[in-house]
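Novice: Counting from 1, one number per residue, gives the positions in the sequence shown under UniProt numbering. Even for Gly, the Cβ is constructed at its ideal location relative to N, Cα and C.
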Amino acid sequence: MKALLLKEYDSNQSTYAATFIFFAVAAWVIGDDQIPSFVSILFVGVYLFSTSYVDDQNNSHILINSLPVNRCLVVTSKYINGLLVGMLLLILTIVPNILIPGYTPLTEIALAAAAIMMVIAFYYPIYIIFGHRFMGYVFSAVLIGLLVMGPILSNTNVLDTIVIFLQQQSTVALMTGVTAASILILILSWMISVRVYVAKQF
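1) Ordered along the chain, which non-local residues of its own chain (more than five positions away) have a Cβ less than 8 Å from that of Ile109?
2) Using a Cβ distance threshold of 8 Å, determine whether the stretch 66-79 contacts the stretch 140-147, with at least three qualifying pairs required.
3) Thinking C-beta only, is Phe43 closer than 8 Å to Thr19?
4) Less than 8 Å between the CB atoms is what I'm expecting for Phe49 and Met135, so what's the real figure, rounded?
5) Mind checking whether Leu4 and Val74 have CB atoms under 8 Å apart?
6) Can Ile64 be considered in contact with the ligand COA, in the sense that its beta carbon sits closer than 7 Å to one or more heavy atoms?
7) Excluding sequence positions up to five away, which residues of its chain have a Cβ less than 6 Å from the Cβ of Tyr47?
8) Please go through the same chain and pick out, in chain order, the residues whose beta-carbon is closer than 7 Å to the beta-carbon of Pro96, but skip the five residues on each side of it.
9) Can you tell me whether DSSP reads Asn59 as helix, strand or coil?
10) Less than 8 Å between the beta carbons of Val196 and Ile129, yes or no?
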């Protein structure tokens with residue numbers, strides 16, 4: 001597992017650097033007194049898409065599967081790597097908000113962490129099944145959807161209704177429920193990814 005994680009790091013060093021540099025720029029441009037948590041969620045998606053592109057360009061999957069490596073561990077290393085990067089991006093969002101000064105509510109942190117897990121949970125099974133080109137279409141569609149729907153939602157009371165509903169819930173119950181559901185979905189996603197990857201021909 002350690003060797004696979006080091007391989008992920010070695011083959012994607014430029015992607016790591018680009019992700020964190022553009023994250024810092026986006027946080028500086030978008031953020032006013034606070035860095036929105038959605039920036040970390042967005043860049044997790046960017047990171048996953050970029051690393052899968054690099055892997056496809058380098059035919060990394062062929063190289064890895066030519067070695068005596070357990071395919072389950074290959075998939076697991078990708079999930080762990082994605083989670084580590086996602087949590088690091090979230091920490092880089094939270095810490096400046098504390099120092100500015102300001103604060104990030106625990107519910108927002110929990111929801112952002114859950115969203116990061118959901119992005120990873122949906123990305124990898126689709127990528128392993130359909131490939132990087134299909135994920136390019138999905139990624140483009142999501143970005144266009146965000147650009148189109150963002151202004152529309154901001155001018156309606158949909159987001160306000162959701163925020164009010166969440167504020168009415170118990171903080172502990174909300175955080176526990178969202179975190180537990182996200183972890184379960186992530187585990188289910190991992191199981192699907194492992195099953196598909198093990199059966200896949202390279």
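Specialist: Quick look at the numbers:
1) So the list reads Ser37, Leu90, Ile94, once near-sequence residues are dropped.
2) Fewer than three Cβ pairs drawn from the stretch 66-79 and the stretch 140-147 lie within less than 8 Å of each other, which leaves the two stretches out of contact.
3) The beta carbons of Thr19 and Phe43 sit closer together than 8 Å.
4) With a Cβ gap of about 6 Å, Phe49 and Met135 count as contacting.
5) Val74 sits close to Leu4, with the two beta carbons spaced by under 8 Å.
6) Here there are no bound small molecules, and the ligand COA is not part of this structure.
7) Cβ neighbours of Tyr47 beyond the five flanking positions: Thr19, Val85.
8) Its chain contains Ile35 as the residues whose beta carbon lies nearer than 7 Å to that of Pro96, once the 5 sequence neighbours on both sides are disregarded; these appear in chain order.
9) Note: Asn59 maps to coil in three-state DSSP.
10) The answer is yes: Cβ separation under 8 Å.
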